[in-house]
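So the sequence shown is numbered by this note's numbering: it starts at 31 and just counts up by one. Where is the CB? At the ideal position from N, CA and C, for every residue including glycine. Have a look at the structure below before the remarks.
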Amino acid sequence: MSDQSIILWSIGIVLTVLGLAGLLLPVLPGAPLLFAGLFCAAWAEDFRYVGVWTLSALAVMAALTYLVEFFSSIFGAKKFGGSRKAMTGAAIGGAIGIFLGIPGIILGPFLGAVLGELSQQRTLHHATRAGIGTVVGMALGVAGKLAIGIAMVGLFVVVRLF
């Protein structure tokens, strides 16, 4: 094994671990780090085992994590009785919350859904229920992202070993 391969494998492992952590921790860009780690590992072996088709599938899976994350909080608000304005508020609150760190990531969609419901002349109880649904949806989204991330690693391992 060449020095370049050792370096690429080392970088790949570190990025893969950071990527998996980033799927749980909103501070790190999990999916891009995970994909970059698997890409480095494939490059370490000159793409002999893991080629363009597998890397394309991994890229699609990484992009899918963002869709899961975006739609999960909106879905949660809807399932807990939120209106379209609550779902829109959750999406806007989530987009703003990203820039405010971990508290913003949790509170942004919650407050957005609550404000959306209150703008519909709903009661505070109903609005809070929609906000809670948003947070539940976010938790499901994290679980979905983690499942996709583990599937990415699994696909890489299967293609590499078999």
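Cβ-based neighbour list, residue i, same chain, cut-off 7 Å, excluding 5 preceding and 5 following
i: T164; result: S103, G106, A107, A120, P139, F140, A143
i: S149; result: K115
i: L145; result: G119
i: L152; result: According to the sequence provided, residue 152 is Arg. The question's Leu does not apply to it. Taken in chain order, the list of residues that qualify is empty.
Range covered by the alpha helix (DSSP H) that runs through residue i
i: Q34; result: 33–54
i: T158; result: 154–191
i: L68; result: 60–74
Three-way DSSP call (helix, strand, coil) for residue i in this model
i: G124; result: helix
i: V144; result: helix
i: V90; result: helix
i: G138; result: helix
i: R114; result: helix
i: Y79; result: coil
i: V57; result: coil
i: S149; result: coil
Other residues of its chain near residue i: CB distance less than 8 Å, five sequence neighbours each side excluded
i: Q34; result: A74
Own chain partners of residue i with C-beta closer than 6 Å, once the 5 adjacent residues on each side are dropped
i: G174; result: V98
Exercise for the section: Flag this pair as touching only if the region 72–88 and the region 123–140 have three or more C-beta atom pairs under 8 Å; answer yes or no. Expected result: no
Handout entry: Inter-stretch contact at 8 Å, needing at least 3 Cβ pairs: the region 173–187 / the region 55–71
Key = yes
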